[in-house]
Every structure is written in structure tokens, then in C-alpha cells.
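*Asks:*
Protein chains in written order, with the numbering used here: chain D, 2 to 348; chain L, 2 to 348; chain F, 2 to 348; chain S, 2 to 348.
1) Since residue 315 of chain D and residue 111 of chain D should fall inside the 8 Å C-beta cutoff, what is the C-beta to C-beta distance between them, to a whole number of angstroms?
2) What residues from chain D crowd round residue 219 of chain F, counting only those whose CB sits closer than 9 Å?
3) Identify whether residue 329 of chain L lies in helix, strand or coil by the three-state DSSP scheme.
4) May I ask which residues mark the beginning and end of the beta strand (DSSP E) holding residue 216 of chain F?
5) With distances taken from CA atoms, which of S/7, S/253, S/236, S/59 is nearest residue 161 of chain S?
6) Just the C-alpha distance for residue 101 of chain L and residue 10 of chain L, rounded to the nearest angstrom, thanks.
7) Taking Cβ-Cβ distances below 7 Å as the criterion, which residues of the stretch 13-33 of chain L are in contact with chain D?
8) How would you call residue 286 of chain S, buried or exposed, if buried means at least 16 neighbouring beta carbons within 10 angstroms?
9) What are the uninterrupted segments assigned as alpha helix (DSSP H) that are 4 or more residues long and contained completely in the stretch 70-115 of chain L, given in chain order?
10) Is the stretch 172-191 of chain F in contact with the stretch 211-227 of chain D, if contact means three or more CB pairs nearer than 8 Å?
11) So with CB distances below 7 Å, who are the chain F contacts of residue 288 of chain S?
12) Using a Cβ cut-off of 8 Å, pull out every chain L residue sitting near residue 263 of chain S, in sequence order please.
13) Chain F beta carbons: is any one of them nearer than 8 Å to that of residue 40 of chain L?
14) From the beta carbon of residue 305 of chain F, is the nearest beta carbon of chain S less than 8 Å away?
15) If we count the other Cβ atoms within 10 Å of its Cβ and call it buried at 16 or more, is residue 18 of chain S buried or exposed?
16) Buried or exposed: where does residue 305 of chain S fall if 16 or more other Cβ atoms within 10 Å of its Cβ makes it buried?
17) Verify whether the separation of the beta carbon atoms of residue 140 of chain S and residue 121 of chain S is less than 8 Å.
18) With DSSP collapsed to three states, give me the class of residue 341 of chain F.
19) Along the chain, where does the alpha helix (DSSP H) that runs through residue 125 of chain F open and close?
20) What three-state label does DSSP hand residue 17 of chain L in the structure shown?
21) Note down the Cα distance separating residue 62 of chain S from residue 147 of chain S, rounded to an integer number of angstroms.
22) State whether the stretch 224-235 of chain F contacts the stretch 325-341 of chain D, with contact taken as three or more CB pairs (one from each stretch) at a distance under 8 Å.
23) Taking contact to mean 3 or more Cβ pairs, one atom from each stretch, closer than 8 Å, check whether the stretch 234-254 of chain F and the stretch 280-297 of chain F are in contact.
24) Per DSSP, which residues does residue 267 of chain L bridge with? Please list them.
25) Name the residues in the stretch 253-284 of chain L whose C-beta lies less than 7 Å from a C-beta of chain S; which are they?
26) Answer with buried or exposed for residue 132 of chain L, where buried requires no fewer than 16 other C-beta atoms within 10 angstroms of its C-beta.
27) Assess contact between the stretch 198-210 of chain F and the stretch 121-130 of chain F, defined as three or more Cβ pairs (one per stretch) separated by less than 8 Å. Is contact present?
28) Decide yes or no for the touch test of the stretch 253-265 of chain D against the stretch 253-273 of chain S: beta carbon pairs closer than 8 Å, at least 3 of them.
29) Whose Cβ in chain S lies nearer than 9 Å to the Cβ of residue 53 of chain D?
30) So residue 163 of chain L and residue 126 of chain L are in contact, right, with Cβ under 8 Å, and what is the actual spacing, rounded?
31) Does the beta carbon of residue 48 of chain D come closer than 8 Å to any beta carbon on chain S?
32) Return no unless some Cβ of chain F is closer than 8 Å to the Cβ of residue 326 of chain L.
33) Can you tell me the Cβ-Cβ gap for residue 81 of chain S and residue 73 of chain S, rounded? I've got them flagged as a contact below 8 Å.
34) So which of S/54, S/320, S/194 has the shortest CA-CA distance to residue 211 of chain S?
35) Using a C-beta cutoff of 8 Å, does residue 171 of chain L count as contacting chain D?
36) What residue does the alpha helix (DSSP H) around residue 295 of chain F start on, and which one ends it?
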């Protein structure tokens, strides 16, 4: 089978990880990445020996790259013409401008959560609505919090049916290395309901969702608490069994040493994962409690990497590579090594 | 009427504020405070000119105070013998040891949340169970989070009846100036259910409560989200009206500029409140959302000062100063200036 | 003697404290404060019962204040016409615009550190160059770090002569309650030399100064380390004696419990100082070390309040109220209660 | 040549990195690692497929490992008997106890900075005193700050001669993932002089050193400012040229995007370095300033990995693998890939 050709436009926090993720897919080819300026990410790419070809959004800036000795393969337009699908991870709002180019050169594109929903034909999640994305021209991925949240809610929904969720998002306010945003010794609350709850309802329209978001001055992983009300009473045992069977959910406990979001980051570093990234959300077994007919639990969202698998699922959908979400997510998981850990720990 | 004589044992974060709060009560007399060592708090007391008399837990340490010129009035035993009731704000666990002295000298005592429930006859909250504390020898106050949480749940419960709450506590991990505890760039999750949910059920046994607590590396104010299920459907308007009528709940909004816990601390400083303290919890009007038959909202808990009013209510109860919680809390509020602000803003 | 009439334009972090400071001066009258919008600071002023009259920079916004019931006394122009001198604490850059009004209405003005040096006739510090400010029309105050730094360097310079300083500024990145700026889990370094070193040389041209500034994600107090080279060898004892004699320098030690900047904030809160502010810089006795012919020490800069005394000194200079810095600073200190603490601790 | 056999005792933050570093040395063999409990680090080792054999300090705990399916190769004693040299990275103070075992089984050992100097024959730094470590039985490495600091001072000293340094250490207070220590919204100052200055003088006795250390609530990289006084006047150009020629010093600038310690951590992650580690210290070109006859500059110390190269140098010394520091450090650098980056950027 011919490999699907992929470009990544915008080589920032998400773009770098998308490139690495596509690179690992046996049935895809990463043709190159595009960016604007010799950022630290581009300098690191260069220091690594240019594992990916670099294209420039604006060829007038080529001189800056030449001066540093960083090789440039061509322009964004050159890159677009070589691929089947573009993963657009440009800063929020730029994607809408880029779309004009994708239109013109007739490539498919998948946008990240920073763009407006209207940019795409389908607001997409690999597990919750894969089929809706098949053969579509433009997809938009859910944001990091929504992606991880939906994994857990969809997991329960498929087994038991979910009517309603009320969430509290304890949001990390910046990524490690961010100097353009930050918060110091303060919690910040957003107007409710949070957009993540609204987004969940767009993807899973049969679920009623609402919630409150509070920003916290940390950099490793959002934590979300979820109160989920099922069509039937869901016990802790039922929920746990469902969560443990999901390849993209790691069930952990404080007794094992996973004391919080920073433990998970440390663990991923110690695993030797590139950049200390983790694709799975974590779910604390000892956070699960029953409340009336509802179930409550807490998950950790590794914001830098969590959307990578679902974005790659999106390539599979829009390129009609697999016909069901089950097949597609299994393929993505296989190439990314997701779920292998399940076989090493007896739980 | 003769004033009730009060001692404060343990002049730390809580003890200083208890002393100041009792000092403002027209029907109480602060006889003195007791502590162990010339801490910064004691040095500040001295620099202020000793508005309160100081007694020593251990007279063998008197030399340290003499050297600094800080006047000592007598020993802890001297102090105990002069008062009707002791507010024990010694570090957690010390209160149990102090209780032997209170037993021996036949004084009443009110312990703070750090002690075990078994230390007291009644686990006490000024609004939720004042009557249970009347004429009791030993009371224990709810902790800061539980005190503020109960204010809001009791407020709804009295108007509409509450069956169940599921809470998420976003806990500040240290107070300003703390160097003996802290967390750096990490969220930390506790095993569920949180003790605050269990404590709420002890005080309000007709309510089912559970919840998850996450520690965050900040110093100003916990934020709690509450999903409360009423005996009847509670709308946002109903909840808001109830909250606005509670003297110890400030209803605020992000549009006014109250963006989070740090805004409230800043506001209290700008009000000229001693130490920048606030006795009221804040409740964000724009956090209130309905979910199924439940109502969800977020409150801010000013951890250093929030238990002061309810502790003073406790003096009123154990000394039988008022016969109902309504009368007692009104008296405490009057002397502490709580609720005056309601008259200045037209809401 | 007729009191000097003062206005404060810009009622933010600095403006509020300038207003409070002027209010306490027996020989000055605070006529009013001006601002733009019903910020939290203005709401707090209202809740306190309007101890100061409020004037509006833009009368078209009066409706917003009327709606909240906040009384407005008049316009900025009305205010300007009633005073001798304006303390301009508008956000950086706005002062330059305001200056046109001060020109037109012929009032003197003192600008804060956020404005360019060229805005004023004299770049001013109460201790280091009071005399240069006498009868000048426009002064500009040194910034918070520079103000505190110069106090300590000028103190040594007057006693022993200083040739050179090399400083490291460990800068707090935001004030408590700030949501418009912040840094999360990161140190940020500025290009050297820091502007504070350059500013010191403008005020004290006989001293060579350079240094490095690093931003840290905290809110209470900058810490500066200083390596100062004297015209003669300065021993630890010599330096200590000089520092102890300065009214605006508090000599503290870690053994007393002053473990860092947060201890000082806590101490000021416990003192009952409004807003938990401190006018004095602190200097750690146990940080002083000798290095070759130089002396090294660390100071704490309480960024919100440290410039208030020197700004009030500025009023005394530009209004020719005192003819020497010694007399002027003594007057300011007396009214602000600075130095009283020296009499209570035997050191 | 026969490979030198190495054990790592204590598989924590440092131990993991020592194991990885030794593993990469062509002339060494990592026989195994020893630890006590199934920590997250051990669990990660297991999930990675046990690239290193695991030995237990206490065989009575083997059941805990069996339960998790984690294979155990033998006891600490078994391990010791198979190796030439032990890298002891047990928690501070435990090394002294372990030394009795090393004595008994006649192996050489290298201790980390947490132990007392008296534990070893030589207090060691690969660049500054390699020769002193040759054929010695016990070495102790300098701590992370001292290791990095000495790199830069030794670099200048070898070229120009250094008489004196005065340092300010802006210390990160915890590592990512640490929950057992932390600081929240506070700077903390230590009594001067800092132990790092004293340690520098032990290693480089001809240099006079002093300094002040301030802890900051962050996790990525200490920053140290150094005021160094040479035997001759050292200009910025002279210093820069020296620093650029040092393989373990990366000269960076804020203009390139290296805004602070967190940029360096991000860059190392983006390079794909395991755990996002960096062996080199960074030195900001635009921090270098001249002051009198001295030079001032700022360096970044990546605390988790910085001592790894010098510890491996220590193996080379105590095992007499190379006879000069120049040869030994070159070998270590080659195997760790240090200095390769110099060839990719034209500077």
C-alpha cells in the first residue's frame, strides 16, 4: 500500500510532536515541516542533524537560516504540493489563513484546537466520532483537555451509557519553557461553563455537560475531576474495569508513587520517552468515588502530547485508511507503542 | 453583663487572628495569649507595643524573651486560671496535650481543625449546628475548607434542602511566609474521598458528601467547586438569591475584576483589613451553572481568617451567651464588621 | 505653615500607597485621587467609605461609577487646579501624556520609575540627591529596586566612599493579585548590564555600577546581592554599623526567623501595617561577607511600598519645604513612623 | 583492553543518570544497579524492559518486586563482588553506611555531593583536579552547583589566572517530580558564605571564594552569577573566547531564544536527549560585563545531569584509565556526545 504523505505546518510544541508521531507510523510518510523563524525548536532540529526536511512559510526569511547553516528544502507551497494531508499546528488563528492555501492546492488538512470550529467539516475525536471524519476534507481536533476528557467519558459511555457530566478543570497555565504566558502565585477562574464542556457536547451530543475551569501556576499536566451520571448506576468496580481496558488510559494510584501531575512527567522522562512525553491520560484508581447514582474520578492530561494520537487517527479518517474507529485507533496505538505497558505490569 | 474572659493558646497564623477577633467583641475580654518562643509573630506583637499580654507555655524559656526586652506576664497556668474559655490554636496534636491542663483547671476550650474529633464533645460550625454546642465543655472547629464549604451548603440546605454534594477542592498548599512546607510546580492529589467531605457529613448528617482534593503551589485561598443536589431543583437564580442573603458569603464576579483567589487577597489588603484578611468566603456569580437537577458553583476560602467568626460563635455557644445560632452569628458579625459591605454596593 | 496640596493621579498599586503616605504627612494635604475606571482599588476605596475624594480622568465614564453608587468629586482638570503638586502614578508611558496637562495648569509633578528619564528635570532619590530636586518643576523617582539599592550604597558611600558595585537582582516578577503578568516555573535573565545599575550611576555618577537581573516567579520582594568596593577596605563590622544607623534599612537575620522575602511580608502583615506593607528595605546581617577589598551583602526590596518615602521626600524637595536631605527625610520618616522600631529591639 | 566494571548504588535522580552515562562509555561495563523499593524509577526501568540488571539492598523486600513481576538479579553484596568501582548515589548520609561494605569487599567507590568530605580520600572535579584522584580508593564528587561553577572558574583560571570569585547562587529548590521538598511563592536566603564557595576553595585552594545563596521555587536549573577577579584584567572578549572553547560549557544568548533556565530544559527535550537532560552548563554571552578589573557573568546549572560527566571522569581517575585530566575528560566527552553540537552551529 502506498504511504500517505503528510506535512506538518507550524513546528512548535504541538507541531514537533505531530512530526515525531507521524514519523513512527508505518503507513505514513512525513514529507517535511514548515515554520517561520529559526526558533529554539528549529535550532534543536538542526542540532539533531535534520531528521526532517524544513520548508519556510516565508522565503524572504531564508537568509536568517542560511546564516546559521540550517538547510532549507523549499517553501510552504513546495511542501503542500508534495503531500496528501497537512497537519496544521500554526498558532491559533493562523490556521484559518493557511486554509486558503490548502483550498488552492487541494490538500486535506487537520487543524488543532486553537482554531474556530467553523474552519472544519468535522470537529473530531478518534474514539468518539471517527466515522464522522471519514473522507472529510477538513477536520479540527479537540483541544488537549477535551481530548483526554472525552477518552474517559466515551469509555464509560460505550459500556454503560452516560447522560451527564459535571467537570472541574485544574488547568496548567503554561508549558515548560514558555516565557510568553504565565501566572504567579494565583488561581484564576473562568466564566462557567468551560468551553471544554461545550466542546464535549458537540462531539457527544447525547451527553449534557457543564463545568468550571481554574488556571493554576504549574506546567506539567492538567487535572480534571469528572462527576459522571450514567443511564445505569456505575459502581467503582465497573468504572475501573472499563478504564483499565482502554489503551489510552493509564490507571495509576498514589500508593504506586503517582502523587500528582509531576510524578507522571517524571515517570515519562524516566521511561526514556522522547521529551518526557506521554500519550496516555492517567486516571487515579484511588480518586474514584461513588456519589448518589453518579461516579466521580480524576484524570491527568499531558497537554503537550495528548492530542497526537487522535490527530493521527484523524489522518486515518480523512484519508479513509480504516473504516472504523476501532481499527484506526488500534493502528495508531501500535505504531506509537501505546498499550504495550499493559503487558508488563500485572494489574 | 459581665464579659466572657478568653485566652488564646498558640500565637501562630490562626492564634493571632483569633486574638484580634476576640479583642473586637464587645462582650468578651481577651485576657492574654500564650506561646513558646520569640517567633516573628511575638516579635511583631512586641513591635506593636504589646496590645495583648503574653504568657509563656514554658517559663524556662523566659530568658530568651528577657534578652529581647519582650515583657512576659506569667505562665500558661497563670493565664488559664484567669479565663472562662481557651481558644487552643496550638499546632495540630499539641491541643490534646493541652487538654489535660484545661481539665485540671476546669476551663472550657475550643480546638482547631488540626486536632482529632475525639478531643471534643462537639464538632462545631456556627451556622450549621450552633445549638449542639451550647453549654458544652469542649468544642472542635471545622477546618478552613470545611468551614467555608459548610457555609455555602448550609445556606442552600436551609432554603431548599440538600441531599448530596460532590466537591473538588483546589487547595493552597502553604500560607504566605511559610517555609516549613511547600510544593513547587506540581499538583498533588489525595486519596478520595477528601476528609472535608467526610467532615461535612459529621456536621450535616442528612447530606451525602464526597469529593477529591488537589493541592496547588499557591498561598492565597483555596477554591472549591461544589455540585449540590437539592431535594428540589435549584435554579441559578434561586441559589444566587440565597447566597446573596448570607452575611459571610460575598458574591463576586470576574467582570468586577475578581479574577481568582489572588484578587480577593489584594482587595482585602486594599480595604485596609488587618493583615489583608477576609472573614467572608467569596462565591463567583459567573461560576454558577445548572447540571441536571443539580447546581454547581465555585467558592474561595481565605484560609487564614475564615474560621475566626465560627470560632467566636463557638465561644458564644459553649458559654451559653446566645440561645440560637441566628442570634449568636449576628452578634459575632456585628462586632467583626461582617456584612457592612452589603450596604455600600447596590447589587 | 500652609499645608502643601497634593493630588495622586493613577490609583493603582503605587498610587494607593502614595495617597496613604501623603495622608499621614502633617504638613501636606491630600486633595484627591484620580483614576479611569471602577477598578478593584476604587471599589475598595468606596467600601472603606471614601476617605479620599475621587476625580475622573475621563468624565464620560462617570456613568459606570454612578451605577455602582461611587461618588465622583470632579474631573482630573478640576483636581489639578486645586493642588501644588501631582504625584503621577499612571501606568508607564501615560505620565508623558499627563505632563501636557501639568504644563498647562502650571503644577509641579513627580513621576514614577516607569517613565523615561527625559520626562523630568531631575532623576531623584531622597537620600542620594535631595538637594538637586529643590524647587525643580518635574522630578522622576527611581524604580523600586534602584530606590532600595541606592539607600544601601549611599549609606556606605557617605561613611566610607564607594568606587564600584556589581549587583545581582533576583526580581519578583509580579505583585500579589497581578493577573496581567507572570512567569511559571522559570527564571528569566535580562541582557546585562541591568538598568538599575545604569540608573544608580545617573544618581551617583562617581560610582561605577554594573549587574545582572534574573526574574523569579514570586510576588513578595526582590532580593539584591551587592558586591561593593570602597575607597578603603570596609569590614563586616563597619558595614553593619553603618546599615544599623539608617532609618530606612532594617537589619535582620535568619536566626530571628527572617528566612527570606516572604518572612518580611508576613512580618509586616503581623505588625498590622496597612496592606502588609513595609517602607524599609531589609538587610540580612548574616549575608554580609568580605571578599578581597570588597564587601558583599543581600537586601530585600518590598516593591509595592519602598518608593513611597522617597516620593514624599520629592514633594519636600520640589516644594522647597526643607533645604537638606537630612531634614527632609527625617520629616518624612517621622510622619510615616519609620525608625520607631529601632527603639523597641535592643540590638 | 578489559572494560572497567561499574555498579550504581541508589537508583534515584542521580543514579539513573549515572547508569545511563556509564552505559554509553565504550570502555566501561555497567554490571547493574541497586535499590531498596519498587519506586517509580524502578517501575520505569521495568517498563523499559530491564536494560540494566537490578540488585536489592535488602533481600527481605524481594516479595514486593516479585508481586509486580520485576526481576531481581541478586543482592547488593552480589553486585559489589562483581565490580571494580561503585558509584554511590544513595541519599545523603547513607553512603557513609555503604562505605563499610565497600571496605569489606575491597571495591573503589565514588560518592556524591550529599556525603561529608571526610568520606573520601579526594574531593574531586574532572577538570580542576583529575590528577589528585588517580588510583585513589574513594572519591567524592562536588555537588551540582559547585561542579558547574568550577567548570567556568577553572576555564578562566587556566587561561588567565583567577584570584577571587564572589558568587550569587539562584538555586532551584526541587527537581521536577519532587514531592518531598518544595517552596511556594518565597525566596529563601542561606547564611553566607555559601558552601559552594567554600567547596570551590577546597578544590581550587589558590582562589579566594565567597558568596550568597538564595533558593527559588522553580525546578529547572540553578543560575549563578560570578564576579571573578583575575591575575590580569580579563575583558569580555577574552572571557568569551575561553568559554567557547570549553566542551562542557554552551555559550548561548537571549537573542537566540534562551531566555532563562526553562528555555534550556525545553531545548534539551527538543534535542531528544533522554529525560530532557543536558550535561553542559550554559553561559549567557549577553550576561558578561566588566566591572573594574573583574569580569561578571551568569551560568545555568542543569542540576540533574551536570555531575554525570565529572563522576565518569572520576572512574577514569580512580581506575587509572587515563593519566591526565585532558585525556580523561576528552574520553568521557566523546562517549557522552558532549561537544558535538559545537560543529553544527557557526559561531
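C-beta atoms are modelled at their ideal positions from N, C-alpha and C, and glycine is treated no differently.
*Replies:* From the atom records:
1) About 5 Å separates the two Cβ atoms, so the contact holds.
2) By Cβ distance, chain D contributes 185, 186.
3) It is helical.
4) Taken as a continuous stretch (DSSP letters only), the beta strand (DSSP E) holding residue 216 of chain F covers 209-217.
5) The shortest Cα separation from residue 161 of chain S among S/7, S/253, S/236, S/59 belongs to S/236.
6) Approximately 14 Å, taken between the alpha carbons.
7) Going along the stretch 13-33 of chain L in chain order, one finds no residue with a Cβ nearer than 7 Å to chain D.
8) With 16 or more other Cβ atoms within 10 Å, it is buried.
9) Contiguous alpha helix (DSSP H) elements confined to the stretch 70-115 of chain L occur at 77-82, 95-106, taking only those with 4 or more residues.
10) Yes, since at least three Cβ pairs between the stretch 172-191 of chain F and the stretch 211-227 of chain D fall closer than 8 Å, the two stretches touch.
11) Correct list: 190, 193, 213.
12) Near residue 263 of chain S there are no residues of chain L at all, since even the closest Cβ is about 10 Å away, more than 8 Å.
13) Chain F places a beta carbon closer than 8 Å to that of residue 40 of chain L, counting this residue as a contact.
14) No - not a single Cβ of chain S is within 8 Å of the one on residue 305 of chain F.
15) Counting Cβ neighbours within 10 Å, residue 18 of chain S comes out buried, since at least 16 surround it.
16) With a threshold of 16 other beta carbon atoms within 10 Å, residue 305 of chain S meets it and is buried.
17) It is a contact, given that the beta carbons lie within the stated cut-off.
18) Three-state result, residue 341 of chain F: helix.
19) The continuous stretches of alpha helix (DSSP H) do not include residue 125 of chain F, which lies in the beta strand (DSSP E) extending over residues 123-125.
20) In the structure shown, residue 17 of chain L adopts helical secondary structure according to DSSP, grouped into three states.
21) Cα-Cα distance, rounded: 36 Å.
22) Judged by Cβ distances under 8 Å, the stretch 224-235 of chain F makes no contact with the stretch 325-341 of chain D, as fewer than three pairs qualify.
23) In the pairwise beta carbon analysis, the stretch 234-254 of chain F is classified as touching the stretch 280-297 of chain F: at least three pairs are separated by under 8 Å.
24) For residue 267 of chain L, DSSP assigns no beta-bridge partner whatsoever.
25) Contact annotation: in the stretch 253-284 of chain L, no residue has its CB less than 7 Å from a CB in chain S.
26) Classification for residue 132 of chain L: exposed.
27) With the cut-off at 8 Å, the stretch 198-210 of chain F and the stretch 121-130 of chain F touch.
28) No: fewer than three Cβ pairs fall under 8 Å.
29) Below the 9 Å Cβ cutoff, chain S contributes no neighbours of residue 53 of chain D, its closest Cβ being approximately 12 Å away.
30) Cβ-Cβ separation between residue 163 of chain L and residue 126 of chain L: approximately 15 Å, too far for a contact (criterion under 8 Å).
31) Chain S places a beta carbon closer than 8 Å to that of residue 48 of chain D, counting this residue as a contact.
32) Taking Cβ atoms only, chain F never reaches closer than 8 Å to residue 326 of chain L, which makes this a no.
33) That belief does not hold up - the Cβ atoms of residue 81 of chain S and residue 73 of chain S are roughly 15 Å apart, past 8 Å.
34) When each option's Cα is compared against that of residue 211 of chain S, the closest is S/194.
35) For residue 171 of chain L, the answer is yes, since a Cβ of chain D falls inside 8 Å of its Cβ.
36) Premise fails: residue 295 of chain F lies in the beta strand (DSSP E), 295-302, not in any alpha helix (DSSP H).
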